[in-house]
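In this note's numbering, the protein residues as written are 80 to 440.
Note that CB positions come from ideal geometry on N, CA and C, so glycine has one too.
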Ligand SMILES: *[C@@H]1O[C@H](CO)[C@@H](O)[C@H](O)[C@H]1NC(C)=O
Ligand SMILES: *[C@@H]1O[C@H](CO)[C@@H](O)[C@H](O)[C@H]1NC(C)=O
């Protein structure tokens, strides 16, 4: 549909040039032009029948290309699965260091900062003294405290969901893993959130699974542009009594109509919380959703994709803030076509079905 639009534009452009050169036919052309403006198919309709027929053949070829492309993305998924297994030992070690299950050696901790050589000896000495002072003040931290909470706070997309009452809970988050669906299974990925035992809920693992589809839509095959997220499922959180932050109780004064007496009733209503992430709206078979659910899901798919694609692979850079700048650039390029392919050659998770499109990168 985009392409048809562009050819329409090119056609109008040629006409415009002719008009400028020959003012006498301007009126006649203008009339024709008016007919074309706003109807991208106008140019197509102006073509001879035999040509139109051949264009249809090209379109059929294009549909076949979309199906091959879908296969390509299935293989990409397979490759990702294969490489995920290679990354995993490193992510496990990261997790062990974060949660103090493993103390890295001096050699493993050696890291030369880019700007270090520019520091004078004197400045280095001063920095060292300050570091030591800082260490003395804090009493023996374990691992890297609040690692994932800090990551969450540093990423706008996530910090927007974060409520103050979520923070003490997320301090207990020890790892996030991505699991890809097995070969031969319907395409999906799961985010696994691992928690240390805590006072808020009894789960040690919270999961969120995103169903994907790598298949051109029958009714709109040309929009195919890689796998789409079609829907997601969360999990039940077993909150301990009184700790369910996704609920709040409100007190309401109620006046008895007849007697005029006032009594206070308490009601529980949903509360904003990051943990609502684990109870997303369901996408019904029909694909029809109300506006609210649609907005929630569009944001949710974006977040799920972002955690998978950016946060989990490079968590430390979000902890330090080094990765943040790049992503601001990405956001500013939203909607610009050049940025997309460059930054994210594999997945362009659009929200499937009738829901709004999310262009991420
Ligand atoms: C509900 O949300 C408010 C503000 O977001 C927060 O102060 C409050 O603690 C939450 N309620 C519960 C029960 O967690
Ligand atoms: C916590 O609150 C949610 C609503 O946000 C509710 O669906 C769920 O049943 C509650 N869980 C517990 C254990 O109270």
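inquiry  = Quick test of the definition: if touching needs 3 or more C-beta pairs under 8 Å, does the segment 317-330 touch the segment 346-357?
reply    = In short, these stretches touch, since the Cβ pair count reaches three.
For residue 343, the first and last residue of its enclosing beta strand (DSSP E) = Residues 341-349.
ask   = How close, in whole Å, do the beta carbons of residue 279 and residue 319 come, if the pair is a contact with beta carbons under 8 Å?
value = At roughly 6 Å, the Cβ-Cβ gap stays under 8 Å, so residue 279 and residue 319 are in contact.
ask   = Sorry if obvious, but does the Cβ on residue 285 come closer than 6 Å to a heavy atom of ligand 2?
value = It does not: the Cβ of residue 285 is nowhere closer than 6 Å to a heavy atom of ligand 2.
task = Decide yes or no for the touch test of the segment 364-374 against the segment 335-346: beta carbon pairs closer than 8 Å, at least 3 of them.
result = As far as the Cβ criterion goes, the segment 364-374 does not touch the segment 335-346, which means the pair count is below three.
key: Among 358, 239, 160, 317, nearest to residue 262 - alpha-carbon criterion   = Comparing alpha carbon positions, the residue from 358, 239, 160, 317 closest to residue 262 is 160.
Where the beta strand (DSSP E) through residue 308 begins and ends = Per DSSP, residue 308 belongs to the beta strand (DSSP E) from 307-312.
task = Indicate whether residue 163 and residue 274 have their beta-carbon atoms separated by less than 7 Å.
result = No, the pair does not count as a contact, with Cβ atoms beyond the cut-off.
Distance CB(residue 328)-CB(residue 312) smaller than 7 Å = No, these two residues do not count as a Cβ contact at 7 Å.
key: Beta-carbon proximity list for residue 242, same chain, < 6 Å, skipping 5 on both sides   = Taken in chain order, the residues that qualify are 351, 352.
Segment contact, 8 Å Cβ cut-off, at least three pairs: the segment 393-405 with the segment 220-238 = With the cut-off at 8 Å, the segment 393-405 and the segment 220-238 touch.
ask   = Is the beta carbon of residue 257 less than 7 Å from the beta carbon of residue 387?
value = Contact check for residue 257 against residue 387 passes: the beta carbons are separated by less than 7 Å.
task = Could you check if residue 394 is buried or exposed, using at least 16 other CB atoms within 10 Å of its CB as the buried criterion?
result = With 16 or more other Cβ atoms within 10 Å, it is buried.
message = Taking the beta carbon of residue 209 as the centre, do at least 16 other beta carbons fall within 10 Å, making it buried, or is it exposed?
response = Here residue 209 is exposed, its C-beta having fewer than 16 other C-beta atoms within 10 Å.
task = List the residues that DSSP assigns as beta-bridge partners of residue 289.
result = Paired residue(s): 268, 311.
ask   = So, using beta-carbon positions, are residue 306 and residue 293 closer together than 7 Å?
value = Taking 7 Å as the Cβ cut-off, residue 306 and residue 293 qualify as a contacting pair.
task = For my contact list, residue 362 and residue 291 are in at a C-beta cut-off of 8 Å; report their separation, rounded to the angstrom.
result = Here residue 362 is actually not in contact with residue 291; their C-beta atoms are around 13 Å apart, not less than 8 Å.
inquiry  = So, for residue 357: in the same chain, excluding its five sequence neighbours on each side, which residues have a beta-carbon less than 7 Å away from its beta-carbon?
reply    = A distance below 7 Å between beta-carbons, with the five flanking residues on each side excluded, links residue 357 to the following residues of its chain, in chain order: 285, 287, 313, 314, 316.
ask   = Near residue 303, which residues of its chain fall below 6 Å by C-beta distance, leaving aside the five closest residues on each side in sequence?
value = So the list reads 145, 295, once near-sequence residues are dropped.
ask   = residue 177 and residue 226: beta carbons closer than 7 Å?
value = Yes, the pair counts as a contact, with Cβ atoms nearer than the cut-off.
request  = In angstroms with no decimal places, state the Cα-to-Cα distance between residue 344 and residue 281.
outcome  = Roughly 30 Å between the two C-alpha positions.
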